[in-house]
Amino acid sequence: MLGRAIREQPRIFAVAVSGSVLFGLLVIASAYVAGGVVGKVVVPAVERGEVARGTLALAAAALLGISVLRVVGIFGRRLGAGYMQYRLQAAYRRRVTRRYLELPLAWHHRNSTGTLLSNANSDVEAAWYPIAPLPFAVGTLVMLVGAVASLFVTDWALALVGLAVFPALFALNVVYSRRMAPRQARAQRLRAEVSGIAHESFDGALVVKTMGREAQETARFAARAGELRDALISVGRLRGVFDPMLETLPSLGTLAVLVVGAIRLRQGAITVTELVSVAFLFTVLAFPVRAIGWVLAELPRSVAGWDRVRRVLDATGEMPYGTRTLDPATRTPATLAFHDVHFAYEPAEAHLPGAQVLGEVTFTVPAGKTVALVGPTGSGKSTIASLAVRLVDPGAGRVTLDGVDVRELTAASLAGTVALVAQVPFVFDDTVRANIALDRAGIGDDEVWAALRLAEADGFVAALPDGLDTMVGERGTSLSGGQRQRLTLARALAGRPRLLVLDDATSAVDPRVEAAILAGLRAPADGGGPASILVVAYRRATIALADEVIYVEQGRVVARGAHTELLATVPGYADLVTAYEQAEQEREQKQTYDEVTPLASGLEVER
Amino acid sequence: MSATTAEADRSTETTESTWQTLRRGLALSPELRTGLAGTLALALVYMVGRVAVPVAVQRGIDHGIVGGLDLNVISLTVAITAGVLVVTTACGYLMMRRLFTVSETALAGVRTRAFRHVHDLSMLHQQSERRGSLVSRVTSDVDQITQFLQWGGVILIVNLGQLLVTTAVMLAYSWQLTLVVLVAFAPAVVVARQLQRRLAGAYGLVRQRTGTLLGAIGESVVGAPVIRAYGIAGRTARRLDTAIDGQRVAQQRAIRISIMGSSVGELAAGLALAGVVVVGVSLGVDRTLSVGQLTAFLFLVTLFIQPVQIATEVLNEAQNAIAGWRRVLDVLDVSPDVADPGEQGRELPPGPLDARFAGVTFAYPGGPPVLHDVTLDIPAKSRVAVVGETGSGKTTFAKLLTRLMDPTEGAVLLSGVDLRQVRFDSLRSRVVMVPQDGFLFDATVGENVRFARPDLTDERLTAAFGELGLADWLDGLPSGLDTPVGERGEALSVGERQLVALARAYVADPDLLVLDEATSAVDPATEVRLQRTLDAVTRGRTTLAIAHRLSTAQAADEVIVVDRGRIVQRGPHDELVRDTDSVYALLYASWLEQTR
Ligand SMILES: Nc1ncnc2c1ncn2[C@@H]1O[C@H](COP(=O)(O)OP(=O)(O)OP(=O)(O)O)[C@@H](O)[C@H]1O
Ligand SMILES: Nc1ncnc2c1ncn2[C@@H]1O[C@H](COP(=O)(O)OP(=O)(O)OP(=O)(O)O)[C@@H](O)[C@H]1O
Ligand SMILES: [Mg+2]
Ligand SMILES: [Mg+2]
């Protein structure tokens, strides 16, 4: 992973590391300069009782010069490291979100929104977090090696003190991060869980409110937040144990230097200058060595984040588009055909069976015709609709457009040919215009208005405060249910598809408007080509417009044919589409019955 | 509207100082003060450990080295100092332990309180902000504070203390040299303050861009089917790239400013060291300062520099944490505009409820009125249908009836009690609405139905499905009540989701049931069956159903026709259709045309 980072941003990494190494060497240098100043300038000056101006100026200049150079080092290190971290994060965010766009819906279904959000955000961040201090760590390592080497040059006994203290410091750090890793991982997991609860609870805020479950939701949240608190406290306690120890160890080292140094001084092996330099070295080195500890402590978090990012990058099963295109010049309606299509959703948990939702589905929507898809709740109509526009691929069998398997078509050709109006309207948090045009080529304001007119949505859009420029809010909250539905309808119409798939797309639209919309679709007023239509519907008028009806039950095509034919021959179908009439008849019968009952009960009372 | 909240955010960011935020935060979590004095005392002792070494060096040099080596003096000094260090280390542990326990406990409290508060905000308030940013107020914003406290907070406290103690010791050695150090740092402090202000702005921008990025990622995930169906992956990718780069550029800007801060500190340090040497040597020559003292001073200057340098880095984190805290506090400061009257509130009278709209006008914030002066009585035990064109105000009507919003003018009364005076626990247990877009939690079918009544057994739930005529459907599910419904219920078909949402409201057993297109995606046969069973089981309660399918209206005792925010007709279906020119008669005619 580090190799990857270096490979991707070699130049910046080089800048950062050189900056850091420069900084490290200067830290050592500063210790020796400080020692030299004391030994060669201060002590003689004090002893002689007069100031050698030249040397003093030199000493001051050396100290200042080192400072200036250190600033250069800091700039190189931090700027380089920061840029590298941010660039890597951005690059990986781009890659992860690209994968989101490439991976199939089945994969999206398996992963919650919250997980995907954190993969692209906090996991990427965690993965590259240690990159920033990495050059610093390299610099510190160089600094340590340099320090120990310089100690040996100075005096072997003092060097031994260094050899005892610095490795001990390092070992303590390693133990620390080992102990910390599981605790951090637990805290991280709980953080994600807390966030998941908050996400879902706020998403369902309306249900929580209408059922008055705020207190229970808070209790659910508080329980997990409490676990997180305990986890964080345990992280903190560990920190409390190790941090002060790590802090004290170099101080003890300095004290040891004082004792050992004094002995060596007596032996005449070193000078005061050297003693002060070494003591100073221990003091200035303490901080960078501790900082390495922080990097080490972050590593487990980073590894965990990187694993989750990898999982997205390495996920397979994307639905590659083909290379064939349908002739873009033809504005004639397209033919859609299902050939013996089978489909199963992946199970929610691996041990559960995947529900076989469709089996042996075969039918055709001939060019220019309207086919109605009818079936009870949960029979598989929406699944068929998503197969038709290739949101999902069949487990077995083929879906073809104008005889070409949809898997062989390019993305552009597919999107230019078919359009789906989904059962649940999805509206982007953007303007009305952007929601309809979706930046597709050739859709200007005129086309947008034409589509809105066709969807009978021009009236309410014109009445909006900013017209087409009105922001509709997240998921379109500032619109009514029917308005959202019509917006998505207009979105589909604006692209002038050659095949239109309407998945119960007029359920929140009142009957009068629906009739107008359907009439408009069948015979476009502005001379545009008509489209083939696959429509999921219950209303008889809609069904009656269809050239053929396909009746599905439990994922199988039970019957197909003309409406009147099915009405006469398929009891399930008749029950479904005449349900309202039957209910009304029953009600009328019951009313006559009701009118009699008071009499009857009256008689009873008398008796 | 989300734009206005964001702007409000930014304006508080610039007007409120760090101290004000801290004060506000402390006022909200007084528990943060528990044992604060003790913790600070421990911190002070801990800091003594840091100056112990320079003092030891000074004593060692002055009394044990310069002017004759004396190993005994050195050993004694070192032994005492080592003892001091052991004590201060222990104090460090105790200090951190106390600090983390208190702060984490307090912040968990803040987190939970903010969570509850978000739920207490009115629906409109909640919608005025992106879900994601609402979530971040109880997650990442609080995380930022705890992360800061665990890492930077201690460092900051210890280093500020170190600064003070070091200054004190420096003063004890030589006021002249201390003055030199302070003078060397004075310009740095001025510049740093300036930079700090710019840095706050830069981090504000980072946070804002991060919010935008999260929104963009969220839409690319939630809108995946639309993106795929319309082949707009390219457009989405471009938008994501813009958001990603926007964030990166802001981050880079912030780090540039932050580095300038550290550089200034570093230069000041060099200046201070050089100054100390020059002035110190002169003082040494005058015998006002010993060699040991001067050496100790050099150590002390580094001890003085370190905190200043670290502080500049930690202060960046602090800015982030403070901003996070501010965002949490800001949400807690919004007073719920549709508030629970609480203890002073009234209970709804027992028995079936009647409803009354008295001159109700309603306008969404910043919009024109969508309901105009509606006055209406809904008798107890009646079954009422509300019909009308798309966007005529039906859902708005239902939200007012269930007090998700308060009328702009006029009042809504249930059994004679103004809704604004009704306690929420009474209201929510007696009045239940099934909203237009039925939302399911990512759990099993059973857990979703049990949402309002966790005490119900599986048997009772199964029975409830049976009573609704949905036993066959339940049996058909792969694992019955234990079938997972997926995120937002997306592993069920749309109609199936509505069935579960309806069952959920049904077992809540309300006295006033409001159905907003609750069966709009359910097939007609099932819907008719449901309606029949619902009629039977809700007899004796008040129900109000909004529907585009006029079969509902036909079955109701009374139909209310809404047109452009006004009630234009009301009465039983049979009466309303008699007036052939009326809105309802026209609606019904087209419905008939559609269904036969
Ligand atoms: N993502 C999913 N994972 C697992 N099962 C699913 C998923 N989506 C749908 N199903 C199941 O597949 C079956 C068919 O669903 P589909 O949405 O196609 O039905 P439908 O005919 O459109 O129903 P409706 O009329 O309610 O919209 C249902 O039993 C449903 O529970
Ligand atoms: N949160 C909101 N903010 C601003 N305007 C809103 C909001 N919700 C609804 N509106 C507007 O108020 C009007 C009435 O909306 P409402 O949802 O009550 O209609 P409805 O009768 O329920 O329509 P439908 O049959 O489509 O569900 C519409 O013009 C809509 O655009
Ligand atoms: Mg469906
Ligand atoms: Mg509505």
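Order-wise, the sequence lines are chains A and B.
In terms of our numbering, the first sequence opens at residue 1 and continues consecutively.
In terms of our numbering, the second sequence opens at residue 1001 and continues consecutively.
Cβ atoms here follow ideal geometry from the backbone N, Cα and C, with glycine treated the same way.
Model, not experiment: these values are computed from the prediction.
_Please output, in chain order, the residues near ligand 3 using a CB cut-off of less than 7 Å to any non-hydrogen atom of the ligand._
A:381, A:382, A:423, A:503, A:504, A:536, B:1493, B:1494, B:1495, B:1521
*Which class does residue 337 (chain A) belong to by DSSP, given the choice of helix, strand or coil?*
The residue labelled residue 337 (chain A) in the question sits at position 337 within the first sequence. Residue state, collapsed to three classes: strand.
_Classify residue 145 (chain A): buried if its beta carbon has 16 or more other beta carbons within 10 angstroms, exposed otherwise._
Working through the first sequence from its first residue, we reach residue 145 (chain A) at position 145. Exposed, because fewer than 16 other Cβ atoms sit within 10 Å of the Cβ of residue 145 (chain A).
*Can you give the Cα-Cα distance for residue 355 (chain A) and residue 443 (chain A), rounded to whole angstroms?*
As a first step, residue 355 (chain A) must be located in the first sequence, where it is residue number 355. As a first step, residue 443 (chain A) must be located in the first sequence, where it is residue number 443. Each residue's alpha carbon lies about 40 Å from the other.
*Report the three-state DSSP secondary structure of residue 383 (chain A) (helix, strand or coil).*
Taking the first residue of the first sequence as position 1, residue 383 (chain A) is located at position 383. Residue state, collapsed to three classes: helix.
*With a 10 Å radius around its C-beta and 16 neighbouring C-beta atoms as the bar for buried, classify residue 1588 (chain B) as buried or exposed.*
Your numbering for residue 1588 (chain B) matches position 588 in the second sequence. By the 16-neighbour rule on beta-carbons within 10 angstroms, residue 1588 (chain B) is buried.
_Three Cβ pairs or more, each shorter than 8 Å: is that satisfied between the region 1055-1071 of chain B and the region 1115-1135 of chain B?_
no
*Hey, quick one: how far does the beta strand (DSSP E) through residue 1540 (chain B) stretch, first residue to last?*
Counting from one through the second sequence, the residue named residue 1540 (chain B) turns up at place 540. Careful: residue 1540 (chain B) lies outside any beta strand (DSSP E) and carries neither H nor E.
_Less than 9 Å between the C-beta atoms of residue 1427 (chain B) and residue 1440 (chain B), yes or no?_
Mapped onto the second sequence, residue 1427 (chain B) falls at position 427. Mapped onto the second sequence, residue 1440 (chain B) falls at position 440. Cβ distance not < 9 Å, so residue 1427 (chain B) and residue 1440 (chain B) don't count as in contact.
*With C-beta atoms as the reference, is residue 1230 (chain B) less than 9 Å away from residue 440 (chain A)?*
Along the second sequence, read from residue 1 onward, the residue named residue 1230 (chain B) stands at position 230. Along the first sequence, read from residue 1 onward, the residue named residue 440 (chain A) stands at position 440. Yes; because the gap between Cβ atoms is below 9 Å, this pair is in contact.
_Please return the same chain residues whose Cβ sits closer than 7 Å to the Cβ of residue 228 (chain A), not counting the five positions on each side in sequence._
Residue mapping note: residue 228 (chain A) aligns to position 228 of the first sequence, counting from 1. Excluding positions up to five away in sequence, the list reads 187, 190, 191, 194.
*In terms of residue numbering, what span does the beta strand (DSSP E) encompassing residue 496 (chain A) cover?*
Looking up residue 496 (chain A) in the first sequence gives position 496. Run containing residue 496 (chain A): none; DSSP gives neither H nor E here.
*Quick one: grab the DSSP three-state call for residue 1444 (chain B).*
In the second sequence, residue 1444 (chain B) corresponds to position 444, counting from 1. Strand, per DSSP.
*On a CA-only basis, which of B:1397, B:1480, B:1122, B:1368 is nearest residue 202 (chain A)? Give me that one, please.*
Locating residue 202 (chain A) in the first sequence gives position 202, where the first residue counts as 1. Of the listed residues, the one whose Cα sits closest to residue 202 (chain A) is B:1122.
_By the DSSP assignment, the beta strand (DSSP E) with residue 1410 (chain B) in it spans what residues?_
Here residue 1410 (chain B) refers to the residue found at position 410 of the second sequence. Residue 1410 (chain B) -> beta strand (DSSP E) spans 1409-1414.
_I'd like to know whether the C-beta of residue 245 (chain A) is nearer than 9 Å to at least one C-beta of chain B._
Within the first sequence, the letter at position 245 stands for residue 245 (chain A). Chain B contact via Cβ: present.
*Along chain A, in chain order, which residues have C-beta atoms closer than 9 Å to that of residue 1397 (chain B)?*
Mapped onto the second sequence, residue 1397 (chain B) falls at position 397. For a Cβ distance threshold of 9 Å, nothing in chain A lies close to residue 1397 (chain B): the least Cβ distance comes to about 11 Å.
*Distance, residue 1445 (chain B) Cα to residue 989 (chain B) Cα*: Because residue 989 (chain B) is not part of the residues shown, which for chain B are 1001 to 1596, the question remains open.
*What residues match up with residue 551 (chain A) in a beta bridge as DSSP calls it?*
Within the first sequence, residue 551 (chain A) is the residue found at index 551, counting from 1. Looking at the DSSP assignment, residue 551 (chain A) forms a beta bridge with A:374, A:559.
*asked:* Please confirm whether residue 217 (chain A) has its beta-carbon closer than 9 Å to some beta-carbon of chain B.
replied: Within the first sequence, the letter at position 217 stands for residue 217 (chain A). Yes, because at least one Cβ of chain B sits closer than 9 Å to the Cβ of residue 217 (chain A).
*asked:* Against residue 18 (chain A), what residues of chain B qualify as contacts under a CB-to-CB distance less than 8 Å, listed in chain order?
replied: In the first sequence, residue 18 (chain A) corresponds to position 18, counting from 1. The premise fails here: residue 18 (chain A) is roughly 16 Å from chain B at the closest Cβ pair, so nothing lies under 8 Å.
*Would you check if the distance between the CB atom of residue 371 (chain A) and the CB atom of residue 503 (chain A) is smaller than 9 Å?*
What you label residue 371 (chain A) is simply residue 371 of the first sequence in a count that begins at 1. What you label residue 503 (chain A) is simply residue 503 of the first sequence in a count that begins at 1. For residue 371 (chain A) and residue 503 (chain A), no; Cβs fall outside 9 Å.
_is_contact[residue 532 (chain A), chain B] using C-beta, thresh 9 Å_ = Against the first sequence, residue 532 (chain A) aligns to sequence position 532. No, residue 532 (chain A) lies away from the interface with chain B (no Cβ there is under 9 Å from its Cβ).
*Under 9 Å between C-beta atoms, does residue 1219 (chain B) make it to chain A?*
The sequence position of residue 1219 (chain B) within the second sequence is 219, counting from 1. Yes - at least one Cβ of chain A is within 9 Å of the one on residue 1219 (chain B).
*Look at the alpha carbon of residue 1457 (chain B) and the alpha carbon of residue 1447 (chain B), and state the distance between them as a whole number of angstroms.*
Residue mapping note: residue 1457 (chain B) aligns to position 457 of the second sequence, counting from 1. Residue mapping note: residue 1447 (chain B) aligns to position 447 of the second sequence, counting from 1. So the two alpha carbons sit approximately 10 Å from each other.
*Short Cβ contact (9 Å threshold) for residue 1543 (chain B) with residue 1534 (chain B)*: Translated into positions along the second sequence, residue 1543 (chain B) becomes position 543. Translated into positions along the second sequence, residue 1534 (chain B) becomes position 534. Yes; because the gap between Cβ atoms is below 9 Å, this pair is in contact.
_N- and C-terminal bounds of the alpha helix (DSSP H) containing residue 1065 (chain B)_ = As a working note, residue 1065 (chain B) is residue 65 in the second sequence. No alpha helix (DSSP H) holds residue 1065 (chain B); DSSP gives it neither H nor E.
*What is the residue span of the alpha helix (DSSP H) that residue 244 (chain A) lies within?*
Translated into the one-based positions of the first sequence, residue 244 (chain A) becomes position 244. That run of the alpha helix (DSSP H) goes 214-267.
_If you reduce the DSSP assignment to three classes, tell me which class residue 280 (chain A) lands in._
Locating residue 280 (chain A) in the first sequence gives position 280, counting from the first residue. Under the three-state reduction of DSSP output, residue 280 (chain A) falls in the helix class.
*Any idea which residues DSSP pairs residue 1369 (chain B) with across the strands?*
As a first step, residue 1369 (chain B) is located in the second sequence; it is residue number 369 there, counting from the start. BP columns for residue 1369 (chain B) point to B:1363.
*asked:* Please list, in chain order, the residues of the region 1137-1160 of chain B that have any C-beta partner in chain A closer than 7 Å.
replied: 1138, 1139, 1143, 1146, 1150
*asked:* Between residue 377 (chain A) and ligand 2, is there a pair consisting of the residue's CB and a ligand heavy atom that are separated by less than 8 Å?
replied: Position 377 of the first sequence, counted from the first residue, corresponds to residue 377 (chain A). No, the Cβ of residue 377 (chain A) stays beyond 8 Å of every heavy atom of ligand 2.
*Tell whether a beta-carbon distance below 9 Å holds between residue 1217 (chain B) and residue 97 (chain A).*
Taking the first residue of the second sequence as 1, we reach residue 1217 (chain B) at position 217. Taking the first residue of the first sequence as 1, we reach residue 97 (chain A) at position 97. Contact flag set, yes.
*asked:* Looking at chain B, is there any beta carbon in it that lies within less than 9 Å of the beta carbon of residue 105 (chain A)?
replied: What you label residue 105 (chain A) is simply residue 105 of the first sequence in a count that begins at 1. Chain B, which has a Cβ nearer than 9 Å to the Cβ of residue 105 (chain A), makes this yes.
*Contacting residues, own chain, Cβ-Cβ under 8 Å from residue 121 (chain A) (five flanking each side not counted)*: On the first sequence, position 121 is the one that residue 121 (chain A) refers to. Only 93 meet the Cβ criterion.
*Members of the region 420-431 of chain A near chain B, C-beta cut-off 7 Å*: 420, 422, 423, 424, 426, 428, 429
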